[in-house]
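Undergrad: Structure in structure tokens, see below.
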Amino acid sequence: MFSFEPKDQPQQVVQSFLVGGVAPRPIALVSTISKDRIPNLSPFSFFNAFGSNPPVVAFSASRRGRDGSLKDTYNNLIDTGECVINAVTFNILEQINLASTEYASEVNEWEKSGLTPIKSDIINPCLVQESPFRMECKLYQMVSVGINPGSANIAICEVLKFHVDEEIMENGKINPFKIHHIGRNGGDIWSNIDSNALFQLKKPTTNNNIGMNGLPDYIRNSPVFTANNLARLALLETTPDLERAYEFIKGYEPLKSSLSDFEQFRISGDLGKMLSSALFNISNLENILELTAKEFLQQNRIKEAFLICMYNNHIMKD
Ligand SMILES: Cc1cc2nc3c(=O)[nH]c(=O)nc-3n(C[C@H](O)[C@H](O)[C@H](O)COP(=O)(O)O)c2cc1C
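Here it is, written out as structure tokens:
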């Protein structure tokens, strides 16, 4: 393991571990106005949401790594106390990359990036038309942690008004498959949060599950299950009994089939045929029932997966 204390490494090294390890990060595209009325638009990925009553978001316009100087966004927030935070989506990726250029303070980054301002309802900085999700914010508190290059200026902002494009909404909520966020990782690497990156995982519904430590050894030590598989099995509230496992298996007749048929049933997600084929092929492939249980798990049929494992363990002992 490579372990280190930040005081023993240059700031650039610490920064590279931070952005590599704390990732992917959402990106705030922050619109501010200077006291001389010059609009500014810059992306910040040291950003997140922290509470909803009142709604609070925060980002850090850190001191420049180069010389420790303060960024325009920080100065504008201190002077005016207002900003709009716009979500960054794939369609404006290259434009926000452009907006991150360290232009001189008097340069209008809206013009440089080609993004379109729309008037806000409550505050002076504008919303970004091309972003589907924008928050009008007032500065709640600025927390500066240090004065050296790379040190944080955490702008804690209260959201005064949300503006959400209806195209990204469904049933009164944001549909994650429609917003197409991008995120930031380490170095020049970004995350593309499209439908390939998204998946569903239900929350534990009880505080009473059996847990990893409640799984029997024959499941925990199986070479078939990953840690993720085991943790899903551990969601069950009680260990089913063996009788129930036999009853369940009785519902499936062994199906005369080859191992390649079994594989085809796996690929097509036909759990019933897979189990019947596994029962026929028990002597031809070690762990075939556990492989079947794994597929039941993938389809969130946790109890049935557990029953298959119990049955498997019992017949293997015989
Ligand atoms: C995707 C992305 C994320 C960034 N995140 C941050 C950040 O969290 N904090 C920061 O200080 N700078 C960050 N930067 C760099 C700023 O955008 C850049 O310094 C910008 O020019 C600051 O502009 P300003 O001086 O007009 O405020 C990021 C740049 C990009 C492209």
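Residue numbers for the sequence shown follow my numbering, beginning at 3 and rising by one. Ideal Cβ placement from N, Cα and C applies to all residues, glycine included. Values in this document were obtained by computation on a predicted structure and should not be read as measured data.
Taking 7 Å as the cut-off, is the CB of Lys73 close to at least one heavy atom of ligand 3?
TA: As far as ligands go, the structure on display features ligand 1 and does not contain ligand 3.
Undergrad: Whole angstroms is fine: what's the gap from Leu287's alpha carbon to Ile212's?
TA: 30 Å
Undergrad: In whole angstroms, give me the CA-to-CA distance for Val16 and Pro8.
TA: 6 Å
Undergrad: In the DSSP output, which residue or residues are listed as bridge partners for Ala51?
TA: Val59
Undergrad: Using a threshold of 7 Å, is the CB atom of Ala229 nearer than that to any non-hydrogen atom of ligand 1?
TA: no
Undergrad: So the candidates are Leu257, Arg234, Trp112, Ser5; which of them puts its Cα closest to the Cα of Leu203?
TA: Nearest of Leu257, Arg234, Trp112, Ser5 to Leu203, Cα basis: Arg234.
Undergrad: With a threshold of 7 Å, establish whether the CB of Phe298 neighbours any heavy atom of ligand 1.
TA: no
Undergrad: Which class does Ala295 belong to by DSSP, given the choice of helix, strand or coil?
TA: Helix at Ala295.
Undergrad: Let's test the definition: count the other Cβ atoms within 10 Å of the Cβ of Met214 and tell me whether it reaches 16, buried, or not, exposed.
TA: exposed
Undergrad: Please go through the stretch 198 to 275 and give each complete alpha helix (DSSP H) segment of 4 or more residues, from N-terminal end onward.
TA: 219 to 222, 229 to 235, 244 to 252, 261 to 270
Undergrad: Does the distance between the C-beta of Glu265 and the nearest non-hydrogen atom of ligand 1 fall short of 7 Å?
TA: no
Undergrad: Would you mind stating whether Leu100 and Lys114 have Cβ atoms separated by less than 8 Å?
TA: yes
Undergrad: Please confirm if the stretch 132 to 146 is in contact with the stretch 39 to 48, defined as three or more CB-CB distances below 8 Å between the two stretches.
TA: Fewer than three pairs of CB atoms, one per stretch, sit closer than 8 Å, so the stretch 132 to 146 makes no contact with the stretch 39 to 48.
Undergrad: To the nearest angstrom, how far is it from the Cα of Phe49 to the Cα of Val21?
TA: 12 Å
Undergrad: Ser47 to Gln97, Cα distance in whole Å?
TA: 15 Å
Undergrad: Are Leu237 and Ile304 close, meaning C-beta to C-beta below 8 Å?
TA: yes
Undergrad: Leaving out five residues on either side along the sequence, give the residues of the same chain with a beta carbon under 8 Å from the beta carbon of Phe282.
TA: Pro256, Leu257, Lys258, Ser259
Undergrad: Taking 7 Å as the line, does the beta carbon of Phe48 fall inside it for any heavy atom of ligand 1?
TA: yes
Undergrad: Does the Cβ of Pro45 lie closer than 7 Å to at least one heavy atom of ligand 1?
TA: Result yes, Cβ under 7 Å from ligand 1.
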